[in-house]
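Chains G and W, in that order, are what the protein sequence lines are.
Those letters in the first sequence? Residues 3 to 561, by my numbering.
Those letters in the second sequence? Residues 33 to 345, by my numbering.
Even glycine gets a Cβ: it sits at the ideal position worked out from N, Cα and C.
Comments concern the structure below.
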Amino acid sequence: MTLLSIQNLTVEYPGRKSTFTAVRDVTLSLERGEILGLVGESGAGKSTVGTAVMGLLDPPGRVSEGTITLDGVDVREIAQLRGRRISMIFQDPLTSLNPMFTVEQQLIDTIRAHRDVSGAEALAEAVALLASVGIADAETRIRQYPHQFSGGMRQRVVIALALCSNPDVIIADEPTTALDVSIQAQILVLIRDLARERGVGVILVTHDMGVIAQTADRVAVMYRGRLVEVGTTQQVIYAPSHAYTKSLIAAVPRGDIKLERFPRVSYSEDTTPPRAEFALSSHWLGKAREGAAARSAEPLVSVRDLGIRFPTVSAILPRNRRYIDAVKGASFDIAQGEVLGLVGESGSGKSTVARMLSGIYRPGTGSIRFDGRDLATVHSSRERQAIRRQIQMIFQDPFSSLNPRMRVETIVAEPIHHNRLTSSEAETRAIVADLLEVVELGAAAGRKFPHEFSGGQRQRISIARALATRPRFLICDEPTSALDVSIQAQILNLLKDLRDALNLTVLFISHDLPVVRQMCDRVAVMRNGQICELAETEALFEHPKAEYTQELIRLMPQI
Amino acid sequence: MSPKMQNNPRPSLLYRMFDSDAGYKFRSSPITVLAGVVAVLMIGAAILAPLIAPFDPFNKASIDLMNSLTPPAWQQGGNPAFLLGTDDQGRDLLSAILYGTRTSVMVGAISVLLAVTAGIFLGLIAGYFGGIVDALVMRIVDIQMTFPAIMVALMIDGVSRTLLPRDRHDDLAIFVIILAMALSIWPQVARTVRASTMVERGREYVQAAQVIGRGPWVIMARHVLPNVMGPVLVIATINLGVAILGEATLSFLGVGIPASEPSLGTLIRIGNNFIFSGERWMLIYPGLTLALLVLSVNLLGDWMRDVLDPKLR
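What follows is the structure, encoded as C-alpha cells:
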C-alpha cells in the first residue's frame, strides 16, 4: 500500500492583485523505504510541495485543491500527529537547532513530546539515536551545545531529531546544500541507510542532479509548479523523456571532460528574442586599456607568501589575544590572460585571498605584485587608485552585492564616476548603456532597481559594474554558486566570452570542481588557509598528487 | 485610477505611493487613515495659527480682562466670539491652543530633527568603523541613557538660570527644552543606526564599493545611509510624540515655555489651577488636544513600523 499519496495538489498564494499558483496539479506517491527525489530550479515549487505535506504553508498560502493522504488518511485530519508521522530536515543546520539548549535537552523534549516515556528511557533512546546517525561517543557529545558541533555533525543531530518520533515519512529540504562535498556524501549515505533500515519514506527536495543520482530511487522533476516527469532515477537521468529534463541534465557541468562551452538549458516557455552579437574586440571595452600590450613573459599577478590572521579573542594585552590564520603562506602567479582556479571547501581561505587581492583586507604578511609593482610599496593614493582600477571583483551573492536603493545605471556608473573616466555625463550614460548591452540585459535595464531582476540578471549587473573601469584582472568569487544550473551556464559562458574578447586575467574561485574544470587553465587547491596543490587543470584532474585533491575529485558528484 | 494615469506609461509619484504596499496598508486600516487625517489637520492648523486663529494671544492690547473666565460658547454664559471660552486673563482659549500646538509641534520637530541628525552621524561612524570609535560612542550612549529626559532638562535649566541674567532666561527656555529632548532621544537613534549599519556593512555591495576604491565617508553617505533610514523614520515619528509630550511635561512643571508664550503644557498648567473652581474647560481642551495629537502621531508611527521595519513588530 502506498505510504504517502499526493493527489492533484494545487497550492496558491493569494496576493493583493493576483493569485500566485506555486504548485499546480501535482500527483505523487511514496512507498515505505523509498527515496523520492524532487528536483527543479528555484521557484519550481518543490519546497512548497514539502511544506504543504507538513501543513506548514506560510499564510496566505493554502492548498486550494487536491488531497494528501498518509496510509489512506487525509493529513489534514491528523494535523496534530504531523510531527509524529511526518518530520522534516531543513537546509541550514546552523539555524535549525536551538542554540540555547544542549542536544540532550532538544532530543529528550522531542521524544517525550511524542511518546509517553520516562526521562531515563528517553535519554537512552536519544543516545542510541545519536549513535545511529553516526556520532561517535554519543554519551558525551549529547551534553554539548549545537555550536560545539561542526556543520556536518549538526546536520546529523538534526536528522536524529527528525527520527525522534519514529516517523513514517521524512521530508528533507535541500539537506546538504549548505555542506561541503565531503560531508554531503556522508549525509547522503546516512539518509539512504536510514530509509532502508527503518522503512521510512523520504522525499528529498534538491536542485542538485548529482545528489539525486547518488541517492534517490525515483525522481520527480518540477518546472514552474508543474510536474513534468516522474520515473526511476536511471530512467530520468539517462533517458529523460521531457524536453526540460533533457536540457536540465545536459546543463549540469561535467567533471569528466573539458568542453568548449557550457550547454545551456534551452527549454524555456518564454520566448525571449536572441540579442545581437557584439563584436567586443572592436568595442571601446576592448580598446585603449592602458598597458594592455602583451608583456606576457611576466605574470600579471604575483603573490608571495601571503598570509592574514583574524583575532578570535580580543584583549588589551597582546599575549592574551588569540588569532586564527585564515590564510598562511599562499604563493602563486597568474600569467597575462590566464584563468587560475582556486578551489577548496568552506573556511579554506579562498575568499579571504580574493579580498586581499581586491584590497578589502590588508595582507598580514607577504606581498602582492600587480604588473610588476608591489602593492604595499605604492603610497600615493592616486597611483594606488590607478592600480585598483585594473582589479575588479564579482561577488558570490547577487542579492546582497547590489545596493537595493540605487538604480542599476547608478550602480554601474559608480566606478566610472569615482575614477573620473569620462568627461561628460552623456558619455557616462552611453558607456553604461553599452555595458548593459554587453551583459545582455539591454540599456533599458538601467532605469530599474535591483529587486526587479532575477538572480542571474543581477549577476550580469555585477559583471557590468566590474567591467566599467576596463579592468585587466577580474576576481570572480563563487560567481554562480547562488544560481540555478541553467543560469549558471549562461553566466559562465558570458564570462568565458568576455575573457576571450577582452583578454582578461581571471582568478576564479569556486567549490564546484566540474565548473572549475571547464573554466580554468590552472587550478590551485586550498585547505586550511594553505595551498596544497597547484597544477594545470587537466593534469590536476587526471593525476592529482596531493591526497586532499584526490579525495575532492573522488567525491565530485557525477551523473 | 484617474483617467490621467492611463495615458502615462509611468504613473505619477502620487499614484505609485497610493498603490504601493505602504499605501495599501494605510488605506486598509481605518484607524491609520483617521490618525493621518487628524495629525495633518492638527499640525496644519498649528502651522497656520496666525492666519486662522480668531485672536492673537500675544497681543496684550486685544486682551480684555472683562472677558476672563468665559465658559465655552455652548455653555451658559458663553460668548460666541470665544468658542472654547477664555482663560483667567481673558485670552481666547481656541487661539491659545492653536498657538500652543504650534509651539509644541515646533519644539518636538526641532528636537527630533537634532536628535536624528546627531544619532545618524554617530551611529553610522560607530557601526562602520567599529573598534575604539564604536566603544567611545556607545559608552556615551549608555551614559546618556541613564539620565531621564526630565532630569537633564531640569539640570540644564538650573545651570542656565544661574549663568544667565534673569531677563534673558525666558527667551532661552524654549532652547533648553529642545536641547533636553534632543539629548534624550539621540541615543535611541544612534543605537538603531549602529545596529543596522553593522548589518549593512557586511553586505557585499559595501565591499563592492570598497573594491571600486570609494572611501569610508562616501560609502557611509551613499551606500549605507539610504539602507538604514527605514528604522530611523519609525523612531523619529514615534519620538515626535514623545518629544511633544516631554515638552508638555516640562512646561507643566514650570521649567519650560513661559506663560506669556503658551505651549500646550503651559496651558495645561494654567488650567490645572482652576480644576476645582469649576472652570474645567481650561484644562480639558488643551489636554484633549495634546492627547489627540500624540495619539495620532503614535498611530502613524505604528503604521510606519509595520511597513518599514518588520523586525520591530
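Inter-residue Cα distance where the pair is T29/G and S66/G: 14 Å
For chain G, check one thing: does any of its Cβ atoms lie closer than 8 Å to the Cβ of P258/W? yes
What's the call for P320/G, buried or exposed, on a 16-neighbour Cβ count within 10 Å? exposed
Just to check my reading of the structure: L125/G and I161/G have Cβ atoms closer than 8 Å, yes? What is that Cβ distance to the nearest angstrom? The Cβ separation is near 19 Å, so there is no contact.
Alpha-carbon spacing of K48/G relative to P62/G, whole angstroms: If you take the alpha carbons of K48/G and P62/G, they lie about 18 Å apart.
Taking Q394/G as part of the beta strand (DSSP E), name the residues at either end of that continuous run. 393-396
Between S89/G and P169/G, is the Cβ-Cβ spacing less than 8 Å? yes
Can you name the residues of chain W whose CB is closer than 7 Å to the CB of P406/G? Neighbours of P406/G on chain W, chain order: N259.
Could you name the residues of the same chain whose beta carbon sits closer than 7 Å to that of P516/G, not counting the 5 residues immediately before and after it, in chain order? P255, R256, G257, M558
Please state whether the Cβ-Cβ distance between V105/G and M211/G is less than 8 Å. no
Got a sec: is the Cβ-Cβ distance from I511/G to anything in chain W below 8 Å? no
Does the contact criterion of 3 or more C-beta pairs under 8 Å hold for the segment 527-540 of chain G versus the segment 367-374 of chain G? no
Using the beta-carbon count (16 or more within 10 Å), is E429/G buried or exposed? exposed
C-alpha gap between L299/W and M49/W, whole angstroms: 38 Å
Only counting the same chain, and skipping five residues up and downstream in sequence, which positions put a Cβ closer than 6 Å to that of A268/W? V144, V148
Would you say P417/G reaches chain W, if we count a Cβ-Cβ gap shorter than 8 Å as a contact? yes
Do you know offhand how far F451/G's Cα is from I463/G's? Cα to Cα, F451/G sits roughly 11 Å from I463/G.
With DSSP as the reference, label L204/W as helix, strand or coil. helix
Coil, strand or helix - D436/G by DSSP: The answer is helix: DSSP assigns D436/G an H, G or I state.
Relative to the C-alpha of R220/G, which candidate in N10/G, A541/G, L32/G, P481/G has its C-alpha closest? L32/G
Start-end ranges of the alpha helix (DSSP H) lying completely within the segment 56-144 of chain W, minimum 4 residues: With a minimum length of 4 residues, the continuous alpha helix (DSSP H) runs that stay inside the segment 56-144 of chain W are 62-79, 81-84.
Nearest to S304/G by CA position, among G374/G, T314/G, Q490/G, is which residue? G374/G
Below 8 Å on the Cβ atoms is my contact criterion, and I expect L6/G with V171/G to pass it. Report the Cβ-Cβ distance as a whole number of Å. 5 Å
Starting from the beta carbon of M155/G, find every residue of chain W whose beta carbon is closer than 8 Å, and list them in chain order. What M155/G touches in chain W: nothing, since even the nearest Cβ is about 26 Å away.
Extent of the continuous beta strand (DSSP E) run through Q9/G: Membership of Q9/G in the beta strand (DSSP E) is indicated by the continuous run 6-16.
Using CA coordinates, which residue listed in R193/W, L73/W, I152/W is at the minimum distance from I217/W? I152/W
Ends of the alpha helix (DSSP H) at K352/G? 352-359
Proximal chain W residues relative to H420/G, where beta-carbon distance stays under 9 Å: A241, I244, G245, R246, V250
is_contact[R311/G, chain W] using C-beta, thresh 8 Å: no
What in chain W is Cβ-close to R64/G, meaning under 8 Å? Going along chain W, no residue has its Cβ under 8 Å from R64/G, so there is no contact; the nearest lies around 20 Å.
What's the C-alpha gap between T235/G and I418/G? A direct Cα-Cα distance of roughly 51 Å separates T235/G from I418/G.
Distance cutoff 8 Å, beta carbons only. Does F455/G sit that close to anything in chain W? no
Just the Cα atoms here: how many angstroms apart are A618/G and E300/G? Here chain G covers residues 3 to 561 and nothing more, so residue 618/G does not appear.
CB contact check: R235/W to chain G, cutoff 8 Å: yes
Taking only three categories from DSSP, how would you classify A563/G? The requested residue 563/G is not part of the displayed model; chain G covers only 3 to 561.
At a CB-CB cut-off below 9 Å, which residues of chain W make contact with I362/G? Contacts between I362/G and chain W, judged by CB atoms closer than 9 Å, involve Q239, Q242, V243 in chain order.
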